[in-house]
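The block underneath contains the structure these notes are about, expressed in structure tokens.
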Amino acid sequence: MRQEIYQRLQHREELLRFVRLHPIWYRTLARDPDAFAELEKQAKHFYGRTVPQRIGQFGEQLSMVNMLIQMARAMRD
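Written out as structure tokens, the structure is:
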């Protein structure tokens with residue numbers, strides 16, 4: 015693996031953890047350093063940081079808050 019790619023991974027610990035969990039990326043980046051953008055994309059998907067995943071998480075949190083409000087109203091009545 016090229017030194018500059020490894021340094022970029024070291025500066026972003028989350029990507030380094032992803033590569034350690036998926037060692038195939040060592041080989042991929044060694045053969046094609048331009049695949050770093052694809053690595054970032056895959057890591058975002060893995061860690062749930064894409065826009066659709068964040069919207070889904072926000073929706074789940076909203077429904078949880080709504081349920082808690084309904085429970086509080088039911089206990090008050």
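Quick note: the sequence shown, position 67, residue 81 per this note's numbering, numbers continuous. Note that CB positions come from ideal geometry on N, CA and C, so glycine has one too.
Could you compute how far the alpha carbon of residue i sits from the alpha carbon of residue j?
i: residue 37; j: residue 31; result: 10 Å
i: residue 69; j: residue 53; result: 22 Å
i: residue 82; j: residue 71; result: 17 Å
i: residue 96; j: residue 16; result: Because the chain spans 15 through 91 in this model, residue 96 falls outside it and cannot be assessed.
i: residue 47; j: residue 19; result: 7 Å
i: residue 74; j: residue 67; result: 11 Å
i: residue 77; j: residue 27; result: 32 Å
Can you tell me whether residue i is helix, strand or coil according to DSSP?
i: residue 16; result: coil
i: residue 25; result: helix
Alpha helix (DSSP H) runs contained entirely in the segment 40 to 91, provided each spans 4 or more residues: 50 to 60 and 65 to 90
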